Structure formats: structure tokens, C-alpha cells
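Just so you know, the sequence shown maps onto residues 289 to 399 in this note's numbering.
Glycine included, every Cβ here is placed at the ideal spot set by N, Cα and C.
Since this is a predicted model, take the numbers as computed values, not measurements.
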Amino acid sequence: MSRPDARHYSYRVQWSPDDGEHVATVLEFPSLSWLDAKQGRALEGLVQLVDDVIDELIANKEKVPEPFSERSYSGTIYVRTSAELHRRLAIEAAERHVSLNQLAVQRLTSA
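Dropping the structure here:
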């Protein structure tokens, strides 16, 4: 795998009333954050920090998280549930004239 681009990770910036500043977080590095009074600077600071952390991980021959945007997904999800819920969902799917899988996809996309 080539070196990930720090800009390809999943960032979020939101106001933190406790800190009185914007806090930027990144999903792939849950322990990292950056605070700044300005929203854009919070994001810029965190992107630079992530870039530095990637360099450090590579230098130490540690695993670098792959950005969610660059991961591949099969489209298959296995879910375990109770027999009673399974029965109720199977009945609902039959009543709607759809497969149990189609019902699950409808439920997941509306959530």
C-alpha cells in the first residue's frame, strides 16, 4: 500500500461548548483532535497532525490506517438476531412481498 494522503481521511469539525472552540476529529485516528477558534483552522491543524502521524507510523514501521474512502467493501453484512425478531421480520417481508434481504436494506437506508 502506498502512503495515504492525509486529506483522504474522514474528518468532522463541530463546535465544542465545553472548550469554546471548534474541534476537528478524524474517524480513522480516534485519539486525535485539534481545537481552534476558527472552523477552517481546526480542520487544517488536524490534517497537518494526521500527516505528521502518518510519517511517524511509517518511520516506526507501524500500521497506517487506510482511509475509509479507499477501503473496498463486499456489500455483504451478516447480522445475528433473536429467533423472535427473525420471525417477525420474515413475516413483515412476506406481507410486503419482498425478500428479507430487501426489507433489511430498506430499513438500513431509511435509518
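Is it buried or exposed, residue i, if we count other Cβ atoms within 10 angstroms and call 16 or more buried?
i: Pro318; result: exposed
i: Gly338; result: Checking the sequence shown, residue 338 turns out to be Val, not Gly. By the 10 Å Cβ count, Val338 comes out buried.
i: Val393; result: exposed
i: Ala371; result: exposed
Which class does residue i belong to by DSSP, given the choice of helix, strand or coil?
i: Arg368; result: coil
i: Glu309; result: strand
i: Asp293; result: coil
i: Leu320; result: coil
i: Val352; result: coil
i: Ser304; result: strand
i: Arg386; result: Checking the displayed sequence, the identity of residue 386 turns out to be Val instead of Arg. Val386: coil per DSSP, three-state reduction.
From the options, pick the residue whose C-alpha is nearest to that of residue i; which is it?
i: Asp293; options: Glu354, Ala325 and Ser304; result: Glu354
i: Asn233; options: Ala399, Ile365 and Ala371; result: No information on residue 233 is available, as it lies outside the stretch 289 to 399 that the chain covers here.
i: Ser298; options: Leu345, Arg359, Arg291 and Gly308; result: Arg359
i: Leu331; options: Thr369, His296 and Leu391; result: His296
i: Pro305; options: Leu323, Glu316, Val367 and Arg291; result: Leu323
If residue i sits next to residue j, beta carbons under 8 Å apart, how far is it from one beta carbon to the other, in whole angstroms?
i: Val311; j: Gln302; result: 6 Å
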